[in-house]
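Offset between the sequence shown (1-based) and the numbering used here: plus 596. Built from N, CA and C at the ideal position, the CB exists for glycine as well.
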Amino acid sequence: MNWHQEHMAALDFEASDKDADTARIVTCALILGGVGRTPNVRTWLLNPGIPMEPGAIAVHGITDEYAAEHGMPAEQGVGEIAKAITEVVAGGVPLVGHNIGGYDLNLLDRECRRHLGDSLEGITRQPLTRVIDTMVLDRQCAPFRKRISEDQGPYQMRTTAETYGLEWDEDKAHGAEYDAFMSARAAYRIGVIAHTPYRQRPDWVQALRPNRFNSVRDLTVEELHARQVDWYREDAVRYQAWLRNKEKAKDKYDPKAVIDSKWPLRPVGGGEG
């Protein structure tokens, strides 16, 4: 079975800030579904126990006061989420999400260490080797896309969804459940395009230079996972080199820039991979 035809577990978090090493989970959605399967949706609201960054509140709309009043204790919530993920991993169900390896799984790993005293893979008792990251896939298949606007990046969830023909509801966006659902739909669309004969693919796909959709074709989830490890590392190395190039990076120039290249889990403390 090709990877996009499998049942999947879509995962997304909203958190207290953008740094996975320091952020706390605020909401989580885990959606089990796939072709021909009625989605099974689980959601959590946690009290992170620390003040959230104003920028994070502006994105997900959950205030410190609301989370404190309605959220479950962080340790309880992290424990329940970790248990649910362990069941998914034990069942061989792929985890899918947008930037799931760049952010979400690292956020959960740090929270597990913080509240449960063990790493995420220590709790699941096996390495995560069936992860599908739609940001990594989109960058691989349709590289070098330009920003949509000052406010909308080229590979953020909305851009990816709209690129693959999915309607976007901004009123529902940035909620964990909606974003998880859209990531699963985007993954399926990417898989469908890759497995469609070249001349039957959308015109914009045929016009891509380079066109890399065949690189995600006819693969198992494990094979796709292994390729994403390489693609993420290659992108990180290129971005680090770009940041260290004064002529190219201009105002973003940083001669000591270090971009961690590990995926889907970075070592604690980061560092050059």
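Asked: Range of the contiguous alpha helix (DSSP H) that encloses residue 609; Found: Careful: residue 609 lies outside any alpha helix (DSSP H), inside the beta strand (DSSP E) at 604-611.
Asked: Inter-residue Cα distance where the pair is residue 652 and residue 612; Found: 6 Å
Asked: Pair within 8 Å by beta-carbon distance, residue 701 and residue 716; Found: yes
Asked: Through-space distance from residue 856 to residue 868, alpha-carbon basis; Found: Bear in mind that a pLDDT of 47 at residue 868, under 50, signals an unreliable position, so the number given afterwards is only what the model happens to contain. Spanning the two alpha carbons is a distance of roughly 5 Å.
Asked: Cβ-based burial, residue 809 [other Cβ within 10 Å; buried from 16]; Found: buried
Asked: At least 3 beta-carbon pairs within less than 8 Å: the region 815-835 vs the region 726-739; Found: yes
Asked: Backbone secondary structure at residue 801 - three-state DSSP; Found: helix
Asked: Nearest candidate by alpha-carbon position, reference residue 748, set 774, 732, 738 and 766; Found: 766
Asked: Cβ neighbour criterion (16 or more within 10 Å) applied to residue 644; Found: buried
Asked: Coarse secondary structure for residue 854, derived from DSSP in three states; Found: coil
Asked: Status (buried if at least 16 other CB within 10 Å, exposed otherwise) for residue 768; Found: exposed
Asked: Within 8 Å, strictly: CB atoms of residue 780 and residue 760; Found: no
Asked: Buried/exposed call for residue 597, threshold 16 Cβ in 10 Å; Found: exposed
Asked: Every unbroken beta strand (DSSP E) inside the region 625-677 [3 residues or more]; Found: 633-643
Asked: Runs of beta strand (DSSP E) lying entirely within the region 772-799, each at least 3 residues, in chain order; Found: none
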